[in-house]
Amino acid sequence: MFELRHEPGVMGISDFTELKGVTITIGGQPFEHLLYHYRLAYSGWSYAQVIQGGESFIALSEGLQNALFASGGAPQEHRTDSLSAAYRNTGGVGRKPLTRLYDDLCHHYRLRPTRNNTGIAHENGAIESPHGHLKNRITQALYLRGSTNFASVADYQTFIATIVAKLNHQHQAKFEAEQTHLQPLPKHRVADYEVLTARVSSRSTIEVRCILYTVPSRLIGRQLELHLYHDRICGYLEGQWVVELPRMRVTAKDKRRARCINYRHVIEGLRRKPRAFLYCTWQLDLLPNDHYRTLWTQLKDGFDADSAAVLMVEALYLAATQDKEPAVATYLEAQLTAGTLTLASLQRQFQLLSDVSLPVVDVHQHDLSEYDQLLLPCPPSESVPEPQSPPQTPPPPPYAQPLGNPGTSSHAGAVELRSVLASTLRIGGRPTLEPAPQTRPPRGSTPRRKNGFQL
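Just so we're aligned, residue 1 is where the sequence shown starts under the UniProt record's numbering, counting upward by one.
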């Protein structure tokens, strides 16, 4: 009703919107998403990003920070509606407090958070009206493109960025003038992810928010730190990045759980036990697309169960290790049609088996008669070494005393007869000591003299 005046570098506005009336598909599958839209109120410069999931704080944080760095600065005020990711909408009178995470985000970039009154969307007219212009441009561009299908989310994001760049070109002069009034950005970003931890099971899986994910088998038994973004999950082991997974969500109302199975994570173990593929509960999830599922049905019809499992597992192994998923599927289809598919031909086609014969090695044997000279006796001209004399005993030192001198008699009083105990040992018993019989000296008239040295 009234025209509002906006000052340069003062207000930036964020909001989420949904592209209605058009069904976007990624790889032929419907793609549910939102668009995060940021706009500078003065110049009209815009930024848009594809968001998977709802209006979460993670989506708001990543989108806002990407927009601030794309514009080259931060405004003084950041305005939203009553997002539950930013405000505690629990009722009550007066201004509702901010959530802790959103308060930290605004403080980091020196933003003053504001919002419109609940349920009065036209108070954010600086973003609501541009929503319609942006979505109309996207719809018209899709019609001109002739298809709403994209190969990947990245291709779709590039398509959106191209449209936004054309819109921003109309506001280039005012945007350059507003850039000089924007606040400088800090060196580092605020974490725009949620941190969780999970231990990898023996089946090489982790469970996050009711979704079962496979991870590389080398991580079995390890504790991972997970960073949850709105569109991906990054896994870290001891601070090192080890895996990135696409984040999935349960969208069906009648389902509470889902699986995200990547055959590349478990194909090494499956190749060692290919028949486990027959009874695996993830059998259809292991097949990467509908083309492979059709080929699996044809393999089961044309081969016995074990041979079909071996062929499919080998095909998945080749597709994973050589990054030739479409080429392997095309070869399987052609060979099944011709009826000539074998395991050896599959391996040979993708160079696991080589047809090149081994080269002939020509070995030249030297003359063995040269070894006969080792058997000949020594020639007479060679002198035989003299035998060495045995080593002589060195003379005793001059201070050594001889123990005895043969040929000389010892002192008569130095020898004395003693009684010696003789022992007999009986097998299996204890040894007994018996005194030896003593010889009585003959009686004489001369009394026996005692030796003074006898004890």
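Glycine included, every Cβ here is placed at the ideal spot set by N, Cα and C. Keep in mind the model is a prediction, meaning the values are calculated, not measured.
Subject >> Enclosing beta strand (DSSP E) for glutamine 283 [first to last residue] >> reply: Glutamine 283 -> not in any beta strand (DSSP E); alpha helix (DSSP H) instead, spanning 283-286.
**OP:** Evaluate residue 519 with the Cβ neighbour count: other Cβ atoms within 10 Å of its Cβ, from every protein chain shown; 16 or more gives buried, anything less gives exposed.
**Re:** The structure shown does not extend to residue 519, since the chain is modelled only from 1 to 455, so the question has no answer here.
**OP:** Output the boundary residues of the beta strand (DSSP E) element that contains residue 456.
**Re:** Look at the range of the chain in this structure, 1 to 455, and you will see that residue 456 is not part of it.
Subject >> Neighbourhood of histidine 230 by C-beta distance below 8 angstroms, restricted to the same chain and skipping five residues each side >> reply: Ile51, Gln52, Gly53, Ser56, Ile58, Ala59, Glu62, Arg247
Original post:
Which of the three DSSP states, helix, strand or coil, is assigned to valine 208?
Top reply: strand
Original post:
For glutamate 225, which three-state DSSP category applies?
Top reply: strand
Original post:
How far does the alpha helix (DSSP H) with alanine 258 in it reach, from first residue to last?
Top reply: Run containing alanine 258: none in the alpha helix (DSSP H); it sits in the beta strand (DSSP E), 258-260.
Subject >> Proximal residues to valine 190 (C-beta, below 6 angstroms), its chain only, five neighbours per side dropped >> reply: Leu105, His108
**OP:** Decide yes or no for the touch test of the stretch 256-265 against the stretch 299-307: beta carbon pairs closer than 8 angstroms, at least 3 of them.
**Re:** no
**OP:** Measure the C-alpha to C-alpha separation of proline 359 and aspartate 285 and round it to an integer number of angstroms.
**Re:** 45 angstroms
Subject >> Simplified DSSP assignment, three categories, for isoleucine 51 >> reply: strand
Original post:
Can the beta-carbon of alanine 334 be found less than 7 angstroms from the beta-carbon of glutamate 325?
Top reply: no
**OP:** Under 6 angstroms Cβ to Cβ from serine 43, same chain only, skipping five residues before and after it: list those, please.
**Re:** His171, Lys174, Phe175, Glu178
Original post:
Quick one: is threonine 180 buried, meaning 16 or more other Cβ sit within 10 Å of its Cβ, or exposed?
Top reply: exposed
Original post:
When the Cα atoms are used, what is the spatial distance from leucine 316 to isoleucine 233?
Top reply: 24 angstroms
Original post:
Taking all protein chains shown into account, do 16 or more other C-beta atoms lie within 10 angstroms of the C-beta of tyrosine 102, making it buried, or fewer, making it exposed?
Top reply: buried
Subject >> Cβ separation of aspartate 15 and histidine 33, assumed to be a contact under 8 angstroms, to the nearest whole Å >> reply: At roughly 15 angstroms, the Cβ-Cβ gap does not stay under 8 angstroms, so aspartate 15 and histidine 33 are not in contact.
**OP:** Could you name each continuous alpha helix (DSSP H) segment of 4 residues or more that falls completely within the stretch 288-312, going from the start of the chain to the end?
**Re:** 290-302
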